[in-house]
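Asks: Chains W and E supply the protein sequences, listed in that same order. Under the working numbering, think of the first position of the first sequence as 18, with each following residue one higher. Under the working numbering, think of the first position of the second sequence as 18, with each following residue one higher. First the structure, then my questions, so here it is.
Protein chains: 2
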Amino acid sequence: MPIIDSKTGKIKKDYTLEQLIKKAQEMRAYNMIAITAAGSGHTGGTLSIMDIAAALYLKYIKHDPDNPTWEDRDRVFWSVGHKAPALYIALAEAGYFPLEETVKLRKLWSGFEGHPNRLKLPGIELSAGSLGQGLGVAIGCALNAKLEKKGYRIYTILGDGELDEGSVWEAVMCAAHYQLDNLVAIVDRNRLQIDGPTEEIMCLEDLSAKWKAFGWHTLEIDGHDVPQILSSLEEAQKTKGKPTVIIAHTVKGKGVSYAENIVGYHGIAPKDGRSGKESLDQALKDIGDPQFTKEKVEYLLKIASDYQSKVDKKVEDSLPKFSRSYWWNTTPSMQVKMEPTRNGFGRAIEELGKDEKIVALGADITSSIRMDKFYASHPERKNRFFEIGIAEANMTLVASGLAKEGKIPFIGSYGVFITGRNWDQIRTTVCYNNYNVKIADAHAGISVGADGATHQALEDISNLYYLPNVHITVPCDSIETEKSTKAVTYIKGPAIIRYAREATPLVTTSDTPYQFGLANIIRYRKERENFLEAFETKLSTAYSSEGEDLTLIACGPMVAEAMRAAYILKEEYNLESRILNIHTLKPLDKKAILKAAEETGIIITCEEHQVGGFGNIIAGVIAKNKKYSTPLLLDMIGVEDRFGESGAPWELTKVFGLTAEHIAERAKELYEKKK
Amino acid sequence: MPIIDSKTGKIKKDYTLEQLIKKAQEMRAYNMIAITAAGSGHTGGTLSIMDIAAALYLKYIKHDPDNPTWEDRDRVFWSVGHKAPALYIALAEAGYFPLEETVKLRKLWSGFEGHPNRLKLPGIELSAGSLGQGLGVAIGCALNAKLEKKGYRIYTILGDGELDEGSVWEAVMCAAHYQLDNLVAIVDRNRLQIDGPTEEIMCLEDLSAKWKAFGWHTLEIDGHDVPQILSSLEEAQKTKGKPTVIIAHTVKGKGVSYAENIVGYHGIAPKDGRSGKESLDQALKDIGDPQFTKEKVEYLLKIASDYQSKVDKKVEDSLPKFSRSYWWNTTPSMQVKMEPTRNGFGRAIEELGKDEKIVALGADITSSIRMDKFYASHPERKNRFFEIGIAEANMTLVASGLAKEGKIPFIGSYGVFITGRNWDQIRTTVCYNNYNVKIADAHAGISVGADGATHQALEDISNLYYLPNVHITVPCDSIETEKSTKAVTYIKGPAIIRYAREATPLVTTSDTPYQFGLANIIRYRKERENFLEAFETKLSTAYSSEGEDLTLIACGPMVAEAMRAAYILKEEYNLESRILNIHTLKPLDKKAILKAAEETGIIITCEEHQVGGFGNIIAGVIAKNKKYSTPLLLDMIGVEDRFGESGAPWELTKVFGLTAEHIAERAKELYEKKK
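Following this line, the structure appears as structure tokens:
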């Protein structure tokens with residue numbers, strides 16, 4: 018059933034086979050333009066699923082773009098949130114919104130999030146991005162259809178790498194148990210995941226036998242052959258008493274010469290060695306839809322850049338203003354270098370790898386979090402690296418088994434996934450057993466950027482801090498990440514290293530004092546050519562009060578912002594700030610925190626996290642230990658009880674109120690309130 | 018290879034087949050005695066695995082009880098922590114500790130925890146209890162053996178119900194990927210789980226086909242036939258290039274007439290309708306080992322009761338002392354009724370079930386958390402109840418799909434599992450999508466009792482509070498649980514109801530004021546015959562300061578303790594306490610908290626949770642909002658950054674410092690400090 022009018026039941030739009038194939042071509046072109054305009058996105062997987070997306074949304078499923086919540090529509094759940102551009106373009110082609118809007122992909126406030134958000138655009142059935150969740154939701158929907166005797170059908174699109182996730186197999190078992198013949202799972206079997214070919218990362222074959230053994234009707238098709246796609250959907254519809262899986266053999270990057278079957282083309286924008294624009298031209302040439310003239314492409318890219326300009330202005334307007342700009346590297350003085358904190362982890366794991374007790378595990382995102390540095394220049398260590406695939410729970414357990422036998426295993430992934438999908442494994446197996454597992458809580462915070470909310474860890478501190486036996490470090494820059502990683506490696510017991518993805522200011526050097534378990538006290542001294550030289554840092558135990566006006570207590574990349582806030586507060590208001598860099602969150606340097614409260618009377622906590630996850634810990638330490646009559650004002654900077662969104666990392670820190678400007682403004686307010 | 022001397026390699030102990038079968042009989046008898054003495058425990062599953070346990074520990078695996086950490090020993094990972102008594106008795110028979118010690122099962126400080134703790138007894142390879150985790154750890158161990166070219170073999174024991182868990186299938190896939198032929202999984206296929214037969218709860222068949230499709234060498238045996246057990250272990254050892262699974266067909270409750278193949282015999286002590294002792298006698302008769310004379314059984318039970326008497330004394334000694342006893346129902350006055358808070362949930366779900374929009378889901382613990390009240394007296398609702406098995410992640414997703422379609426689904430389990438194993442599903446699918454899923458966070462806190470640390474949720478508040486869109490209620494007794502459950506049902510969006518297992522004091526009535534989102538203020542007035550009548554309760558908005566000396570801020574069952582503390586403080590020291598019952602944790606009644614801080618100057622927070630999970634939130638609210646010069650002393654009562662243990666619920670609240678006596682003592686200290 019094609020696109021229909023939900024009121025009259027009449028066909029609104031239909032396509033011949035030839036037209037449908039052309040549409041898929043057009044969709045691929047829009048896809049490449051959107052990802053190019055975004056500067057990031059999932060080229061490979063969107064191209065592999067595009068023919069299926071076209072067949073579903075333009076020919077097969079019953080839906081009405083003018084009535085997106087029509088009760089009798091067929092539902093499609095994209096479990097693979099990262100294929101969002103294909104979903105957006107399919108919806109646009111169907112008529113949910115104008116096609117040219119899709120070039121705003123991954124831009125702030127556009128709604129075209131890096132991973133789909135059902136509350137922001139019509140036609141999206143599920144906000145997704147964390148893998149392995151769509152099939153279960155589809156089951157709930159299918160059960161409801163059975164209960165209410167509704168005839169609509171339910172489809173879910175899965176990636177093949179996603180099948181590493183155990184939650185998928187829970188759902189596979191469950192759908193068969195309930196004999197959900199109104200449910201169809203489509204597996205985009207492109208045989209590549211981020212770290213390599215699926216059969217090398219975590220062998221899936223015989224995949225068809227697995228689904229069969231779990232009680233599903235199983236079909237295998239060429240996922241680029243539109244007639245095969247349509248006839249498999251037909252066959253699924255006729256199959257009674259069990260759900261159907263369509264294993265669609267596809268080519269990752271299909272249709273773009275330099276991306277086809279290339280492992281690297283998972284989460285990056287088109288780039289064939291030349292500039293983005295030239296790579297796009299090549300892609301469009303390969304796709305070969307004649308409507309995409311130079312003018313049309315420029316027109317579309319201009320929609321994106323015009324939109325971005327408006328965003329830029331709005332973002333800038335949202336920043337608190339001072340007598341001059343203090344933003345990073347916008348003036349000749351106070352220059353700072355930037356480096357992703359993850360690079361510090363990479364350097365540490367490379368050096369630590371010399372020790373044969375150190376082993377590393379992969380969760381299909383090994384290079385991005387720099388875990389690959391363990392073996393990249395040391396092929397002889399490859400036998401101490403264990404790829405587990407996208408299976409954080411099992412990764413945590415396997416690491417525990419290795420730790421039990423005397424190894425010091427490192428695991429890691431996006432912070433959300435490596436502390437959230439496996440929380441009970443961390444609690445029961447790692448912490449309760451007190452196993453020596455080290456967890457790289459990478460890509461933490463909203464500064465993850467365009468991937469959006471599902472990929473931005475904002476609750477990991479509160480999730481981990483209250484676990485017994487655990488050690489937590491939240492280093493402020495790449496150099497401190499290196500030090501912190503090394504420090505926790507040889508502390509017996511579980512440890513977490515929380516670090517970020519984006520390039521952040523280098524505010525320490527190898528000579529900066531560092532002692533695990535002690536806060537660093539940082540003081541702004543004087544405007545200098547180099548930002549770093551404008552500050553003095555001491556261990557908390559070596560510091561005596563200078564009678565500062567207030568204290569900023571920060572962890573992670575917020576330390577750099579706190580330092581810049583101290584600079585602003587001094588230059589603008591002649592206020593002196595004590596900064597506490599809490600690189601070690603557990604065990605906490607309670608003495609330093611308490612002294613700061615008693616000596617300065619004003620505290621602002623700064624966290625790239627749901628506000629209070631860190632700040633409430635600080636407030637608790639002070640409240641429990643301070644003297645009865647100590648006067649105190651305290652405020653907290655953090656994400657205000659909301660999910661993140663897609664946008665450039667620095668845009669997000671600005672609009673989420675996490676910059677030095679926000680800290681300085683809030684500190685000034687407290688100072689005035691105190692007076 | 019039987020039990021050997023790790024130094025000389027010589028056999029220390031070996032058994033003929035006949036002896037081994039006799040040993041299994043003896044082990045069953047000890048098992049029944051231990052569980053009877055404990056008053057709780059897993060009769061069914063320990064009896065089904067006992068022959069396998071005997072064959073492994075007394076005949077097949079290479080180990081040396083005098084050298085439990087011998088590097089070359091074979092390892093056995095019990096993924097099914099609840100079968101702990103079988104493990105303990107097998108270890109005792111092998112010589113790790115005296116057999117008669119095992120009758121201290123589930124008693125405080127005995128080491129014989131309800132679920133095994135490897136740090137408390139020799140011979141335990143893994144602290145377990147949360148299902149689905151043993152195979153992954155065994156994989157880590159097996160990988161290490163391959164890496165280090167060690168010849169030891171690795172065994173893991175799984176339950177069949179446990180195979181519902183997706184983390185098992187992640188591990189099944191992984192072990193085949195790494196071709197771990199040094200690894201053997203043994204599935205105790207007794208075909209019963211808590212909620213019913215496995216094939217009705219979550220169909221596992223064709224189970225052998227599933228493991229085969231996942232790349233394992235698959236054997237099926239009679240799990241009570243010792244020669245078959247031994248020969249299957251032999252065959253596994255000979256199999257190269259892939260791991261082996263032994264699907265052992267067993268009978269749950271094997272050997273005890275009234276327990277065999279009975280669904281109810283999962284987690285309860287022997288009881289055939291008569292007293293525990295009489296039921297035990299019947300069990301021993303059925304088992305038929307002549308050594309268990311009346312005298313021997315009495316001797317063994319006395320070891321347990323003598324041990325318990327010592328524990329009782331030590332526990333009592335640990336309580337702060339006052340001029341007289343204030344303990345629950347120990348005096349003619351201040352009498353209180355007790356009821357498990359879960360009963361209030363049961364009443365609510367039964368009544369709510371009238372609404373056809375309400376649906377309920379099962380995670381194989383439906384009756385214990387009272388979710389069964391949804392349908393127990395209403396068979397016509399059974400079509401709105403969906404059993405998902407032991408698969409919390411999928412349960413959360415299926416509920417989301419139902420919520421998406423307009424239903425109001427309730428899910429629930431032990432709090433650890435239903436907020437921890439599915440944390441990312443709660444975050445990404447429930448909260449980010451803002452689906453109307455209601456979560457019964459049951460069996461929260463250490464008052465869960467003898468099941469021990471793995472089953473005692475102590476980090477769920479901190480795990481959930483920082484999630485956007487969520488509503489959290491932590492009612493104080495069964496009546497308030499009923500009210501809270503109803504209140505959150507019709508609030509749009511995700512909601513958590515945190516409630517307990519054990520009978521706790523009824524400190525409210527149906528007439529007690531209740532408004533979701535507002536704290537209740539409770540004041541002790543005067544000693545009365547009934548505890549309830551000694552107090553007055555008002556909504557926070559209706560309350561004016563009476564110039565109290567201090568404030569106790571509590572949630573959940575700690576409210577009753579705070580009330581009793583107020584009684585102690587008044588009677589012993591003439592101190593007046595304001596009590597805040599924070600039944601609604603999110604959104605929080607910040608005004609009431611702030612007023613209490615400003616008006617009384619002393620705050621004690623009380624939580625049955627890792628200390629600070631709740632207390633730091635309160636401290637944060639006060640610190641952020643109070644005036645600069647408000648004097649304040651604050652302290653927190655809670656679990657001091659440690660895991661729980663097995664013991665009777667009230668024993669645990671005492672030794673973990675969670676009673677009114679502890680609160681009163683701490684309050685008095687702060688009051689003195691203030692002066």
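Just so it is clear, CB atoms sit at the ideal spot from N, CA and C, and this is done for glycine as well.
State the Cα-Cα distance for the pair Asp81 (chain W) and Phe434 (chain E), rounded to the nearest angstrom.
Replies: When rounded, the distance between both Cα atoms is 40 Å.
Asks: For the segment 412-420 of chain W against the segment 158-172 of chain E, do three or more pairs of beta-carbon atoms, one drawn from each stretch, fall closer than 8 Å, so that the two count as touching?
Replies: Yes: at least three Cβ pairs fall under 8 Å.
Asks: If contact is defined by three or more beta carbon pairs under 8 Å, each pair taking one atom from either stretch, is the segment 651-659 of chain W in contact with the segment 636-643 of chain E?
Replies: Verdict: yes, contact present.
Asks: Can you check whether the C-beta of Ser154 (chain E) is within less than 8 Å of a C-beta belonging to chain W?
Replies: According to the sequence provided, residue 154 (chain E) is Val. The question's Ser does not apply to it. Val154 (chain E) counts as touching chain W.
Asks: Within the continuous beta strand (DSSP E) that includes Pro522 (chain W), where are the two ends?
Replies: Pro522 (chain W) -> beta strand (DSSP E) spans Ala520 to Pro522.
Asks: Taking only runs that begin and end inside the segment 261-332 of chain E, name each unbroken beta strand (DSSP E) of 3 or more residues, in chain order.
Replies: Listed in chain order, they are 261-266.
Asks: Using Cβ-Cβ distances below 7 Å, what residues of the segment 159-174 of chain W are close to chain E?
Replies: Residues Leu160, Asn161 and Leu164.
Asks: Would you identify the three-state DSSP class for Asn537 (chain E), choosing helix, strand or coil?
Replies: Strand at Asn537 (chain E).
Asks: Mapping the DSSP letters down to three states, classify Thr647 (chain E) as helix, strand or coil.
Replies: Coil at Thr647 (chain E), not helix or strand.
Asks: Using a Cβ-Cβ distance under 8 Å, would Gln442 (chain W) count as near chain E?
Replies: Judged by the 8 Å Cβ criterion, Gln442 (chain W) is in contact with chain E.
Asks: So, at 7 Å on beta carbons, what are the nonlocal neighbours of Tyr47 (chain E) in its own chain, with the 5 sequence-adjacent residues on each side left out?
Replies: Closer than 7 Å at Cβ, skipping near neighbours: Ile106, Leu116 and Thr119.
Asks: At what residue ranges does the segment 603-633 of chain W contain a whole run of the beta strand (DSSP E), taking only runs of 3 or more?
Replies: Taking only runs of at least 3 residues, the beta strand (DSSP E) segments lying wholly in the segment 603-633 of chain W are 619-627.
Asks: Check whether the Cβ atoms of Asp381 (chain W) and Gln150 (chain W) sit closer than 8 Å, and answer yes or no.
Replies: No. Outside cutoff.
Asks: Can you list, in chain order, the residues of its chain whose CB lies under 7 Å from that of Val447 (chain E), leaving out five sequence neighbours each side?
Replies: Answer for Val447 (chain E): Thr413, Ser417, Val454 and Pro511, listed in chain order.
Asks: Tell me which same chain residues have a C-beta within less than 7 Å of the C-beta of Thr256 (chain W), skipping the five on either side of it?
Replies: Answer for Thr256 (chain W): Asp198 and His234, listed in chain order.
Asks: 8 Å is my cut-off, CB to CB: does Tyr105 (chain E) come that close to chain W?
Replies: Output row for Tyr105 (chain E): interface = no.
Asks: Using CA atoms only, rank isn't needed, just tell me which of E:Ala111, E:Ile66 and E:His99 is closest to Asp83 (chain E).
Replies: Asp83 (chain E) has its Cα closest to that of E:Ala111, out of E:Ala111, E:Ile66 and E:His99.
Asks: At which residues does the alpha helix (DSSP H) containing Met577 (chain W) begin and terminate?
Replies: Reading the sequence as shown, one finds Ala at residue 577 (chain W) and not Met. Element bounds for Ala577 (chain W): Met575 to Tyr590.
Asks: Expressed to the nearest angstrom, what Euclidean distance is found between the alpha-carbon atoms of Lys40 (chain W) and Ala71 (chain W)?
Replies: Straight-line Cα distance between these residues: approximately 7 Å.
Asks: Considering only the alpha carbon of each residue, which of W:Glu553, W:Tyr541 and W:Glu616 lies closest to Gly564 (chain W)?
Replies: Nearest option by C-alpha distance: W:Glu616.
Asks: Output the boundary residues of the alpha helix (DSSP H) element that contains Lys30 (chain E).
Replies: From DSSP, Lys30 (chain E) is part of no alpha helix (DSSP H) but of the beta strand (DSSP E) over Ile28 to Lys30.
Asks: Looking at Ser464 (chain E): is its Cβ nearer than 8 Å to the Cβ of Pro666 (chain E)?
Replies: Cβ distance < 8 Å, so Ser464 (chain E) and Pro666 (chain E) count as in contact.
Asks: Got a sec? Which residues, its chain only, sit under 8 Å from Ala408 (chain E) by beta carbon, not counting five neighbours each side?
Replies: Excluding positions up to five away in sequence, the list reads Asp181, Glu182, Gly183, Met219 and Ala380.
Asks: Report the residue from W:Gly462, W:Lys671 and W:Thr310 whose alpha carbon sits nearest the alpha carbon of Lys330 (chain W).
Replies: Answer by Cα proximity: W:Lys671.
Asks: If you drop the 5 nearest sequence neighbours on each side, which residues of the same chain put their C-beta closer than 8 Å to that of Arg444 (chain E)?
Replies: Cβ neighbours of Arg444 (chain E) beyond the five flanking positions: Leu484.
Asks: Under DSSP, the alpha helix (DSSP H) around Phe548 (chain E) begins and ends at which residues?
Replies: Phe548 (chain E) -> no alpha helix (DSSP H), and no H or E assigned at all.
Asks: Tell me which same chain residues have a C-beta within less than 6 Å of the C-beta of Lys399 (chain E), skipping the five on either side of it?
Replies: Cβ neighbours of Lys399 (chain E) beyond the five flanking positions: Tyr392.
Asks: Can you pull the chain E residues whose beta carbon is under 9 Å from the beta carbon of Arg398 (chain W), in chain order?
Replies: By Cβ distance, chain E contributes nothing, its closest Cβ being about 11 Å from Arg398 (chain W), past 9 Å.
Asks: For a contact meaning CB atoms closer than 7 Å, what does His194 (chain E) contact in chain W?
Replies: Met219 and Cys220, listed in chain order.
Asks: Relative to the C-alpha of Tyr584 (chain W), which residue among W:Leu567, W:Gly284, W:Leu136 and W:Glu88 is closest?
Replies: It is W:Leu567 whose Cα lies nearest to the Cα of Tyr584 (chain W).
Asks: Let me confirm a value: Lys24 (chain W) is counted as buried when at least 16 other C-beta atoms fall within 10 Å, else exposed. Which label applies?
Replies: Under this definition Lys24 (chain W) is an exposed residue.
Asks: How would you list, in chain order, the residues of chain E whose beta-carbon sits under 7 Å from the beta-carbon of Thr558 (chain W)?
Replies: None at all; the shortest Cβ gap to chain E is about 23 Å.
Asks: Considering only residues of the same chain and omitting the five flanking positions on each side of Gly56 (chain E), which have a CB-CB separation below 6 Å?
Replies: Excluding sequence neighbours, Gly56 (chain E) sits near Ala286.
Asks: Which residues, in chain order, does the segment 555-586 of chain W contribute to contact with chain E at a C-beta distance below 8 Å?
Replies: So the list is empty, because no residue satisfies the distance condition.
Asks: Considering only their Cβ atoms, is the gap separating Thr347 (chain W) from His132 (chain W) smaller than 8 Å?
Replies: Their beta carbons are not under 8 Å apart, which means His132 (chain W) does not touch Thr347 (chain W) by this criterion.
Asks: Identify the continuous alpha helix (DSSP H) that holds Leu369 (chain E) and give its terminal residues.
Replies: Taken as a continuous stretch (DSSP letters only), the alpha helix (DSSP H) holding Leu369 (chain E) covers Thr358 to Leu369.
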